[in-house]
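Residues -23 to -1, 1 to 339, numbered by mature numbering (1 follows the signal peptide of the UniProt record, and there is no 0), are exactly what the sequence shown covers, in order.
Note that the Cβ used here is the ideal one computed from N, Cα and C, for glycine as well.
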Amino acid sequence: MSRALHLTVLALCLVALVGLSSGGNAEAGRKMVGVYELKKGDFSIRVTNWGATLMSVVLPDSKGNLGDVVLGYDTVAEYVNGTAYFGGLIGRVANRIANARFTLDGKTYRLFPNAGNNSLHGGHRGFSKVIWTVKEHVGGASPRITLYYHSFDGEQGFPGDLDVYVTYELSTPYVLNVRMNATARGKATPVNLAHHAYWNLGGQGSGTILAETVQLFASRYTPVDAALIPTGRLAPVAGTPYDFRAPAAVGARIGGVPSGYDTNYAVDGADEGWQLRRVATVRDAATGRAMELWADQPGVQFYTSNGLSGVRGKGGKVYGRYGALCLETQGFPDAVNHPNFPSQIVRPGQVYKHHMVFKFSF
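What follows is the structure, encoded as structure tokens:
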């Protein structure tokens, strides 16, 4: 059976399973694929345990009008067949690994190449393309949902078993926390989880993000070759189109970047330890919405959805190039092949941790 036919059959099977849940502990439906809502006043999100995917983020604008600010689909079945990683939890290793291979403790591991000769976002069946288990889904003052996935030894070529958790939680005022952790079992393994939400603060399907203002708290970036594999260097952003140290419109310098931004930035202060630090701010003048991102990872991938073209999303909206931006906090791409990059190796019994905080205002 071809991969495309397999995914189509799986999508049809999921249609029969998908349910809607808005509270409780989700015990009865934990082995099903469902859609779960977290709501705090006029601030709400929807999550599915297919790929631990964030399906929607709804919040007001400056006039009190509610809008969904992430791109995606209306149904889980569409996520199964989708190729854009809308809102997915990416792993075991996000971004690219050169030649789909790496050597660890003297042994060479060969991965699934799904981006030319390279591995991208964990392979053809990464963590955004599997069913997670709902461990907790509660309301109250801080509504949250926790999802779990067991990645087996050898999955997509990666060594060792890995127990992975992600928690989405809403807090006041208009704050979304995303907490990820993973524990290695039996063997050392690289781990680099990332969250792949596509943001448009003007509202999903409202047009491009070229007029949105972005500030990145990063003085350096990791240059790449033609296949988007890092060269191993860290270069200053000063004097280049990659410089967003001061707030600037996304479209202000994009003409100087071939194909648009798809760039890993080294977050300032990351070498001082693994604590939360401000990563980026985004503002949309038309709606008055703003987003501030904090995280504890050394890098952030700034992506301007260069590959979107005629994708039919939620409510029949059609997403095109530059229809959203992604801010994926992460370890540096291809770190397993660059000893000078911050290590992503997790030893047996060690716990990988990754915390993102999205603070919204309007």
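Distance, Leu153 Cα to Met268 Cα: Translated into the one-based positions of the sequence shown, residue 268 becomes position 291. Translated into the one-based positions of the sequence shown, residue 153 becomes position 176. Each residue's alpha carbon lies about 10 Å from the other.
For Gly163, the nearest candidate out of Gln327, Phe335, Phe337, Gly28 (CA to CA): On the sequence shown, position 186 is the one that residue 163 refers to. If we check each option's Cα against that of Gly163, Gln327 comes out closest.
Residues that Phe279 bridges to, as DSSP identifies them: Against the sequence shown, residue 279 aligns to sequence position 302. Phe279 is bridged to Thr240, Leu304.
Pick from Gly11, Asp45, Val12 that is closest to Asp19, judged by C-alpha positions: By 1-based counting over the sequence shown, the position of residue 19 is 42. When only C-alpha atoms are compared, the closest one is Asp45.
For Gly137 and Ser183, the rounded distance between their alpha carbons: For the purposes of this step, residue 183 is taken as the residue at position 206 of the sequence shown. For the purposes of this step, residue 137 is taken as the residue at position 160 of the sequence shown. Roughly 43 Å between the two C-alpha positions.
CA-to-CA distance, Ser39 to Asn67, given in whole angstroms: Here residue 67 corresponds to residue number 90 of the sequence shown, with the count starting at 1. Here residue 39 corresponds to residue number 62 of the sequence shown, with the count starting at 1. A small fix is needed here, since residue 67 is Ile in this sequence, not Asn. Each residue's Cα considered, the two are about 32 Å apart.
8 Å CB neighbourhood of Ala272 in its chain, flanking five on each side removed: Locating residue 272 in the sequence shown gives position 295, counting from the first residue. Within the same chain, Ala272 has close Cβ partners Val244, Leu253, Arg254, Val256, Thr306, His331, His332, Met333, Val334.
For Gly131 and Ala188, the rounded distance between their alpha carbons: The residue you call residue 188 lines up with position 211 of the sequence shown. The residue you call residue 131 lines up with position 154 of the sequence shown. One C-alpha to the other measures close to 44 Å.
Inter-stretch contact (C-beta, 8 Å, three-pair minimum) for the stretch 293 to 301 and the stretch 116 to 135: no
Buried versus exposed, by CB contacts within 10 Å (16 or more), Ala223: Taking the sequence shown and counting its residues from 1, the one referred to as residue 223 is at position 246. So Ala223 counts as exposed.
Opening and closing residue of the beta strand (DSSP E) in which Asn154 lies: Here residue 154 is taken as the residue at index 177 of the sequence shown, counted from 1. Residues 152 to 162.
Where residue 377 falls: helix, strand or coil (DSSP): Past the boundaries of the shown model lies residue 377; the chain is included only from -23 to 339, so the question cannot be answered.
Val323, DSSP secondary structure in three states: Position 346 of the sequence shown, counting from 1, holds the residue named residue 323. Strand at Val323.
Closer than 7 Å: Asn241 CB and nearest the ligand SAM heavy atom: The ligand SAM is not among the ligands present in this structure, which contains no ligands whatsoever.
Coil, strand or helix - Tyr56 by DSSP: Translated into the one-based positions of the sequence shown, residue 56 becomes position 79. Looking at Tyr56 - three-state DSSP - the assignment turns out to be helix.
Chain-order list of residues whose beta-carbon lies under 6 Å from that of Asn314 (same chain, five-residue window excluded): Position 337 of the sequence shown, counted from the start, is the residue given in the question as residue 314. Answer for Asn314: Ala75, Phe79, listed in chain order.
Separation of Tyr56 from Phe339, as counted between CA atoms: Against the sequence shown, residue 339 aligns to sequence position 362. Against the sequence shown, residue 56 aligns to sequence position 79. Straight-line Cα distance between these residues: approximately 30 Å.
Val200 versus Leu211: straight-line alpha-carbon distance, rounded: Counting from 1 along the sequence shown, the entry for residue 200 is found at position 223. Counting from 1 along the sequence shown, the entry for residue 211 is found at position 234. Going by the sequence as given, residue 200 is Pro instead of Val. Those two C-alpha atoms are separated by around 7 Å.
C-beta contact flag for Tyr125 and Lys112 at 8 Å: For the purposes of this step, residue 125 is taken as the residue at position 148 of the sequence shown. For the purposes of this step, residue 112 is taken as the residue at position 135 of the sequence shown. Yes, the pair counts as a contact, with Cβ atoms nearer than the cut-off.
Beta-carbon contacts of Lys106 that lie in its chain and below 7 Å, excluding the five residues immediately before and after: If you number the sequence shown from 1, residue 106 lands on position 129. Cβ neighbours of Lys106 beyond the five flanking positions: Gly28.
Cβ contact check for the stretch 190 to 199 and the stretch 57 to 66: 3 or more pairs under 8 Å: no
Three-way DSSP call (helix, strand, coil) for Val328 in this model: The sequence position of residue 328 within the sequence shown is 351, counting from 1. Note: Val328 maps to strand in three-state DSSP.
Cut-off 6 Å between Cβ atoms - residues of its own chain near Gly65, not counting five sequence neighbours on either side: In the sequence shown, counting from the first residue as 1, residue 65 sits at position 88. Gly28, Thr30, Ser105, His173.
Three-state secondary structure assigned by DSSP to Asn314: In the sequence shown, the residue the question calls residue 314 occupies position 337. Asn314: helix per DSSP, three-state reduction.
Proximity winner among His98, Gly292, Pro150, Asp82, relative to Pro37 (alpha-carbon distances): As a working note, residue 37 is residue 60 in the sequence shown. Among His98, Gly292, Pro150, Asp82, the Cα nearest to that of Pro37 is on Pro150.
Under 8 Å between C-beta atoms of Ala92 and Arg73: For the purposes of this step, residue 92 is taken as residue 115 along the sequence shown, with counting starting at 1. For the purposes of this step, residue 73 is taken as residue 96 along the sequence shown, with counting starting at 1. In contact: Ala92 and Arg73 (Cβ atoms closer than 8 Å).
Glu14 - partner residues in DSSP beta bridges: One-based indexing of the sequence shown puts residue 14 at position 37. For Glu14, which the question treats as bridged, DSSP gives the partners Arg23.
Between the CA atoms of Pro316 and Lys294 - distance to the nearest angstrom: Working through the sequence shown from its first residue, we reach residue 294 at position 317. Working through the sequence shown from its first residue, we reach residue 316 at position 339. Going by the C-alpha atoms only, they are around 44 Å apart.
Every unbroken alpha helix (DSSP H) within the stretch 77 to 142, with a cutoff of 4 residues, ordered by chain: none
Reduced DSSP secondary structure (H/G/I, E/B, other) of Lys291: In the sequence shown, counting from the first residue as 1, residue 291 sits at position 314. Lys291: helix per DSSP, three-state reduction.
Neighbourhood of Ser320 by C-beta distance below 6 Å, restricted to the same chain and skipping five residues each side: Start at 1 with the first residue of the sequence shown, and residue 320 comes out as number 343. For Ser320, where only same-chain residues beyond five positions count, there are no Cβ hits under 6 Å.
Euclidean distance between Cα positions of Asn94 and Ala204: Locating residue 94 in the sequence shown gives position 117, counting from the first residue. Locating residue 204 in the sequence shown gives position 227, counting from the first residue. Using only the alpha carbons, I get a separation of about 9 Å.
Beta-carbon spacing of Val214, Ala195 below 8 Å: In the sequence shown, counting from the first residue as 1, residue 214 sits at position 237. In the sequence shown, counting from the first residue as 1, residue 195 sits at position 218. Yes, the pair counts as a contact, with Cβ atoms nearer than the cut-off.
Distance CB(Met157)-CB(Leu170) smaller than 8 Å: Here the question's residue 157 lines up with position 180 in the sequence shown. Here the question's residue 170 lines up with position 193 in the sequence shown. Taking 8 Å as the Cβ cut-off, Met157 and Leu170 qualify as a contacting pair.
Separation of Pro207 from Pro275, as counted between CA atoms: The sequence position of residue 275 within the sequence shown is 298, counting from 1. The sequence position of residue 207 within the sequence shown is 230, counting from 1. Distance between the alpha carbons of Pro275 and Pro207: 15 Å.
Leu43 - containing beta strand (DSSP E), residue span: What you label residue 43 is simply residue 66 of the sequence shown in a count that begins at 1. Counting along the chain, the beta strand (DSSP E) containing Leu43 begins and ends at 43 to 45.
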